[in-house]
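For reference, the structure discussed in these notes is given below.
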Amino acid sequence: MARSIVVDRMVESASTMTARLRKTAAPLWKVLTFSPADETVAPGSCLCIGIERGSVVFTHVSRFLSRYQIRGYRKYGFTEGSYPKPEEVASSAAHAVREMRAGKADIVLSLPKQWVVVKAAELPVSASENLPAVVSYELDRFTPFSADEALYDYRVVEEGEEKISLLIVVTKAAPLNGYLSALKETGLRVARVSFDLSGMSALYRHIAGEDTFVFMEVDDEGFRGGAVVKGILAKSVSAGFSLPEDALRAAAVEEELASLASGLREDVSPPKRFLSFRGRTAALRERVKQQGGNTVRVIDEMEKRIRGFEGFKEVSSAAAGGAMDALLPGSRGFDLLRKGVARRERTPFALTALLVLAITALIGVYLLMPIKIENERLREIEKQIASRKKEVMAVEDLKKQISALRREIALVDSFKNDQPLSLNVLKELTTVMPPTAWLTRVRIAEGQVNLEGYAPSATILIPKLEASRYFRRVEFSSPTFRDARQNMDRFQIKMELEGMKNERK
């Protein structure tokens, strides 16, 4: 039991630490994955073709540095009370593109709400592992169409512990393919298919600056609107007025607003409600504002957030919203062409690559700059050496002369110290020899002295010479003999020199 508690605490601590690390690293990751071609910065343009009863509208919207501008708006009328045919839409589109110079804009086709089926659905949470395949398989159970005969898209509205709440939007593919083919024949390729309420929710989201709200557009004939939760259209409504009285119409609008807002409360305060009015609805507008009080906000007062937007009286909010839905960053609108398969977006690493290159360049400079500086110093030293080359050569010559003189002096000193001078030896012999003795020959060579001469007694010479500190190993080199004529001993003595070095020192 104790071990289980410890493990649970460790898991909880690890989860908390991971959450904190993700929260801390999120801003850094956002910066590192920023791309110069990011949709919030890069320019873009979109032409939305809105099919309405009795007409087709075209709205050309551009984006640059997160600023949006309506470049052009065209409306072409056809048979009243019926929807225009594919060839009529295609011919009108070709004409509108030429007039508004929108040849390079992305094409979005916005369908009326009456052409699509919007269904809320629930799936077990286990389906989240392969949600597109599950929705495709279960589509005929949630809607009147199967996946093969329909174009559809879905959004996850809420994900609980056991269930996943979805909002599925589906339309029959056959009629829509006729419009897509007709537009393709005129050279216009549709990149996205949505419907009017999805575009309107994106438009109101941008103008209102909210992610969770309720919106509704009211005109002479009826109203249409929806509830947006965290940027996703979660509920939708579209109905006509059955009674002409403004009071009853205002009550119907308020009832639908309350129905849309039910279940969307994320905190104590109710979600904000945004309304717009078109046509001759001034009186109805005042009644709705009176009944709604501070909870209702008329969106007309905030239209300046889009340049060129001249009010909902002139520009179709569905067509303008369809273009905005394609241009807004992080838009979570519907695209029926995807069939629930989300487009894989490659994480941009342009800024990361630039930072890596910059860091690499700085490291290269950091490593190479000292080498370059030292090379410059070396070249400067070489210049200084070259400029003083003559002086250096003169100094080198003097050094050579000094070395030669030192060798000569050493040689002389060595000669003087190692070999005693003959004069000193003779002086020593004069001092040591008795006055009655004389020398006939003295030979000094290689540390040895040879003496020849006469003395009254040759034997007394050996002790005297040995007593000298300059001689050693004194001995007769040959036998002595008595010279009768001189009455003296003739002698030959040899001995070794020593002590002369000490004397010189």
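Mapped onto UniProt numbering, the consecutive letters of the sequence shown carry residue numbers 1 to 505.
No residue lacks a Cβ here, since even glycine has one placed at the ideal position from N, Cα and C.
Closest Cα partner of residue i within the set the options
{"i": "V228", "options": "S201, H206, I70, L336", "result": "S201"}
{"i": "E286", "options": "L260, L65, A251, D335", "result": "A251"}
{"i": "P244", "options": "G447, D219, D335", "result": "D219"}
{"i": "L203", "options": "L497, D148, A320, K389", "result": "A320"}
{"i": "G453", "options": "R273, I493, R388", "result": "I493"}
{"i": "S165", "options": "S91, L123, R278", "result": "L123"}
{"i": "R473", "options": "P463, E376, F142, P479", "result": "P463"}
{"i": "S236", "options": "E254, S259, D246, A90", "result": "S259"}
{"i": "K75", "options": "R53, V253, Y68", "result": "R53"}
{"i": "R443", "options": "T430, V425, V432", "result": "V425"}
{"i": "S478", "options": "V169, T459, K184", "result": "T459"}
{"i": "P112", "options": "D196, I168, T79", "result": "D196"}
{"i": "V214", "options": "I168, T186, L275", "result": "L275"}
{"i": "R273", "options": "W115, T212, L284", "result": "T212"}
{"i": "A323", "options": "L405, L109, E99, R67", "result": "L109"}
{"i": "L167", "options": "E185, G160, E161, F142", "result": "F142"}
{"i": "V89", "options": "A282, L257, C48", "result": "C48"}
Helix, strand or coil at residue i according to DSSP, with G and I counted as helix
{"i": "T143", "result": "coil"}
{"i": "E122", "result": "strand"}
{"i": "residue 516", "result": "Lying outside 1 to 505, the shown extent of the chain, residue 516 is not represented and no answer is given."}
{"i": "T440", "result": "strand"}
{"i": "A250", "result": "helix"}
{"i": "T59", "result": "strand"}
{"i": "S331", "result": "coil"}
{"i": "A258", "result": "helix"}
{"i": "G199", "result": "helix"}
{"i": "Y83", "result": "coil"}
{"i": "K494", "result": "strand"}
{"i": "G311", "result": "Any reading at G311 is ruled out, since the residue's pLDDT is 45, under 50, leaving its predicted position unreliable."}
{"i": "E245", "result": "coil"}
{"i": "E138", "result": "helix"}
{"i": "R285", "result": "helix"}
{"i": "K272", "result": "strand"}
{"i": "residue 533", "result": "Shown here, the chain extends from 1 to 505; a query on residue 533 therefore has no answer."}
{"i": "E149", "result": "coil"}
{"i": "R297", "result": "strand"}
{"i": "E452", "result": "strand"}
Beta-carbon contacts of residue i that lie in its chain and below 7 Å, excluding the five residues immediately before and after
{"i": "T436", "result": "A455, P456"}
{"i": "D335", "result": "D153, R192, V193, S194"}
{"i": "G447", "result": "E496, L497"}
{"i": "A247", "result": "R287"}
{"i": "K172", "result": "F145, E149, A150"}
{"i": "F491", "result": "G453, A455, A458, L461, F476, T480"}
{"i": "S331", "result": "A202, D325"}
Residues near residue i in its chain [Cβ-Cβ closer than 6 Å; skip 5 each side]
{"i": "A191", "result": "D106, I107"}
{"i": "F471", "result": "L465, M495"}
{"i": "L188", "result": "A93, I107"}
{"i": "F241", "result": "G222, R249"}
{"i": "A239", "result": "G222"}
{"i": "residue 518", "result": "Nothing can be reported for residue 518: it is not among the residues displayed for the chain, which extend from 1 to 505."}
{"i": "N487", "result": "none"}
{"i": "M100", "result": "H60, G72"}
{"i": "R297", "result": "F274"}
Endpoints, alpha helix (DSSP H) assigned at residue i
{"i": "G322", "result": "317-327"}
{"i": "L337", "result": "Note, L337: premise wrong, no alpha helix (DSSP H); not H, not E."}
{"i": "E99", "result": "86-100"}
{"i": "L461", "result": "461-467"}
Extent of the continuous beta strand (DSSP E) run through residue i
{"i": "R472", "result": "471-476"}
{"i": "L233", "result": "232-240"}
{"i": "Q69", "result": "67-77"}
{"i": "G44", "result": "44-52"}
{"i": "E217", "result": "213-218"}
{"i": "A227", "result": "222-229"}
{"i": "R485", "result": "First-last for R485: undefined, no H or E at that position."}
{"i": "S110", "result": "106-111"}
Cutoff 8 Å: residue i Cβ touching any chain D Cβ
{"i": "G330", "result": "The structure shown has no chain D; it contains just one protein chain."}
Heavy atom of the ligand GTP within 7 Å of residue i beta-carbon
{"i": "I207", "result": "With respect to the ligand GTP, the structure shown offers nothing to examine, as it has no ligands at all."}
Same chain, Cβ closer than 8 Å to residue i, neighbours up to 5 away in sequence not counted
{"i": "V268", "result": "Low per-residue confidence applies at V268: pLDDT is 43, beneath 50, and the placement is therefore not dependable, though the value from the model is reported in the following sentence. Around V268: no qualifying Cβ."}
{"i": "M302", "result": "Only weak support is given to the placement of M302: the predicted model assigns it a pLDDT of 47, under 50, and the value that follows is read from those uncertain coordinates. Counting only Cβ-Cβ distances below 8 Å, and skipping sequence neighbours, we find I207, A208."}
{"i": "L139", "result": "F145, S146, A147, A150, Y152, I168, V170"}
{"i": "A261", "result": "V214, A227, P270, P271, R273"}
Exercise for review: Identify every run of the beta strand (DSSP E) within the region 152-197, keeping only runs that are complete inside it and at least 3 residues long; order them along the chain.
Suggested key: 163-172, 190-195
**Study point:** In chain order, each alpha helix (DSSP H) run of at least 4 residues that lies wholly inside the region 377-432
**Key:** 389-418, 422-432
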